[in-house]
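Let me begin by presenting the structure, written as structure tokens, before commenting on it.
Residue numbers (this note's numbering), protein chains in the order written: chain C, 1 to 456; chain R, 1001 to 1456.
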């Protein structure tokens, strides 16, 4: 294969005991995985040996305890804070990217910029920030909010938050620190820059108390699929994790996002679109199906119903008959894009509530692929080559075994087809993803100024 | 020695390249230590092999760039965020405590409770939180404050912050999680508790999304020496890191703090007082003095003056003559206790500004001990036996060598005298410090209720 051939990017989306809601009951699952460092170390090593680009953690800052009967039958209530965990995982890995979700709604940009820059230094240039806004009431109530901020305000704040964080990451020029013992000069004051941000939501002076990190900026990831989310992503994201059910839907989204980039002066391949994929792998189609059915049988109806309610942005479906088609859902302030996604799916396939909750129990609105390594590779290849995706975020049904199977069976198949790397291209997450390293804004401004003067 | 004999507790207060302001220029210092993980891993291993109770990091959330000429000659402007670093260090250590400073002024209690609980799970019960309030303008300006909150308000908020954090740490009873694959029950809903805190500064519902940690609560550390600080410590702290220049001062503080405990129903030995000690160690007194002088000679006058200004809470001394006695300092809103400490020192010894900055260049107001392993052990023994201290926070002049010398020379001397452990007593920081594990408040309340009913 050509060295410059476009290849699939792979993220390992890790979640406690796995993505299937009943994963923790799987005989081979690590039931206490959410707070077991050795479990995550093992999973991270599996992903790194398979040459995944990154491991990725979602996040929420609450226990969603509105339905305790359901919650107490899942492994979702207790887990490591992602940045704490990734900092530790940086020590037991060498090449794989480390992407954590942190909400702009409940944090301060200075703290966030600092933590991700620290993690980037720690791992030698492997950190990534999944920028999200928070939309659940249970989270708002842990942060002195009386009610959740409006969708539009959340995004406005998110954009300004991003601007501050990126500005702080440029506080120091890359070569600011000479640390010359002889002269006694530790850094060059001319290469330190004060941000002096004064906006609607934040006033942040800077500079950051961390040197510019190996990647310049940690990789910025986003997941929002609403129009506001897509526009913010086109401006700022370098990776998008997204949920699609069909190739057509994926292609529409892909075209939409890539077409928005030009207006921000960005190239199409500088934003990687990576839909989530929930793979159940068998030596035969029948074996794969049997594995999936065995997992589905572990779902208690109480759990399935509650999951559906959560995934639809807080809408309560417990009063509707389980075996009748999904009713019209009233639109709420919470996650609009997920509501639409679920409704579209139910309409398209005329699903009952029970069928819908079984459908999303694993993939939660993402694409489920149940099949052989070859058939799964076929599907990834098609989505990739027909411009539905630049890569995939692999959501293993259970951990560690589910990821192990993908690494042992599907990755080699992709490699045989020349669709996936056999060795890391670079040292940093940016290098492996094929993303440019941002030039420091102050260096850029000075360069442009010199060019203007020279042109006179 | 008796198994129950009271012994010295030791913390290793780590700081980039060491505590001396010119440490980074020392021939054996790791000049880029502040952002070098291998450096910190080496230092943490040295401390653990010597059986230190904990490593400890101070923190600030700004670059104090008011005097760039000075700052650019120090290694203080860039370093890891402490929790990020300690999470990584948890992986390369097994027994030593991991204490990070995090300000209550610029954080949310839910985020903080979660991070420290996560770190406690990560290290198997070794985390500690040094609770501080922030008093510098440079920090306030990074967090959308127009000016810094008043001293009294900061402490009021800190107490409420602590109450919320401790309450969140009790969200789950210790045995809440059964994770029984057969029955499908992951946790017992009756053992989950909602805090529902509604106070003046915070409204936090809870529960925390992390199981109760190995220590129940991470160890709570404080450093405030003002009256408000001391009262808060008596209520809530389990360790106090403090700065003293004389034994008498240390004894007065020790008696004061210990006498305040009874009114909160606490026992004197459940709060460990650990003054900072800046040791310069030589085989002879002359060698130790020569080592110290060599370090002092590396201080640029610009650096010394600026340090003094910072340490006195932002008071500008650059207009006063260097070689005249320290003038009266106007009291500012920032760190009152540190201003008083410096003034007392200057008065007591009739120091000039230059002499004062040279004096604090290393220890920054803490006790400097320059001598042989025996004479340093003598002094620690005296302070310990005459109730000036329960232990010490060792502030090595430069790293890693300075800590290495303490570990190799002073620790064995303390061990020979039966004053320091030769093996860790327990698995957790609490066990090693001899601190009780807090009983979950909800379990305690239920126990008390049963006792009341039984007594009727």
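Even glycine gets a Cβ: it sits at the ideal position worked out from N, Cα and C.
Within-8 Å CB hit, residue i to chain C
i	result
residue 1300/R	yes
residue 1318/R	no
residue 1166/R	no
residue 1193/R	no
residue 1144/R	yes
residue 1081/R	yes
residue 1437/R	no
residue 1312/R	no
residue 1114/R	yes
residue 1014/R	no
residue 1002/R	The predicted model places residue 1002/R with a pLDDT of 44, which falls under 50 and marks its position as unreliable; any figure quoted below should be read in that light. No - not a single Cβ of chain C is within 8 Å of the one on residue 1002/R.
Where the alpha helix (DSSP H) containing residue i begins and where it ends
i	result
residue 1412/R	1411 to 1416
residue 375/C	373 to 385
residue 311/C	301 to 311
residue 420/C	It is not in any alpha helix (DSSP H) - residue 420/C carries neither H nor E in the DSSP assignment.
residue 1432/R	1429 to 1433
residue 235/C	227 to 236
residue 1394/R	Where residue 1394/R is concerned, there is no enclosing alpha helix (DSSP H), although the beta strand (DSSP E) it sits in stretches over 1391 to 1394.
residue 1294/R	1285 to 1296
residue 138/C	137 to 140
Minimum Cβ-Cβ distance from residue i to chain R less than 8 Å
i	result
residue 24/C	yes
residue 218/C	no
residue 65/C	yes
residue 111/C	yes
residue 70/C	no
residue 189/C	yes
residue 62/C	yes
Residues that residue i contacts on chain C, provided the C-beta gap is smaller than 8 Å
i	result
residue 1074/R	186
residue 1179/R	24, 31, 32 and 75
Residue i - containing beta strand (DSSP E), residue span
i	result
residue 1447/R	That residue, residue 1447/R, is in no beta strand (DSSP E); its alpha helix (DSSP H) goes 1441 to 1455.
residue 1178/R	1177 to 1180
residue 1008/R	From DSSP, residue 1008/R is part of no beta strand (DSSP E); its letter is neither H nor E.
residue 280/C	272 to 281
residue 80/C	Note, residue 80/C: premise wrong, no beta strand (DSSP E); not H, not E.
residue 186/C	185 to 187
residue 1240/R	1239 to 1242
Per-residue contacts from residue i into chain R (C-beta, under 7 Å)
i	result
residue 87/C	1084, 1087 and 1088
residue 211/C	1035 and 1078
residue 202/C	1144
Beta-bridge partners of residue i, as assigned by DSSP
i	result
residue 1192/R	1172/R
residue 259/C	DSSP output for residue 259/C lists no bridge partner at all.
residue 1197/R	1204/R
residue 100/C	57/C and 129/C
residue 267/C	Beta-bridge pairing links residue 267/C to no other residue.
residue 1352/R	1325/R
residue 213/C	216/C
residue 165/C	Looking at the DSSP assignment, residue 165/C forms no beta bridge with any residue, so it has no partner.
residue 1369/R	1279/R
residue 14/C	57/C
residue 1063/R	In DSSP, residue 1063/R forms no bridge with anything.
Closer than 7 Å at the beta carbon, the chain C residues around residue i
i	result
residue 1108/R	106 and 143
residue 1205/R	141 and 142
residue 1091/R	88, 91 and 92
C-beta neighbour in chain D for residue i, strict 8 Å
i	result
residue 349/C	Protein chains in the displayed structure are C and R, and chain D is not among them.
task: Mind checking the region 117 to 142 of chain C against chain R and listing, in chain order, the residues whose C-beta falls within less than 7 Å of any C-beta there?
output: 118, 119, 121, 122, 141 and 142
field: the region 340 to 364 of chain C: positions lying closer than 7 Å to chain R by Cβ
entry: none
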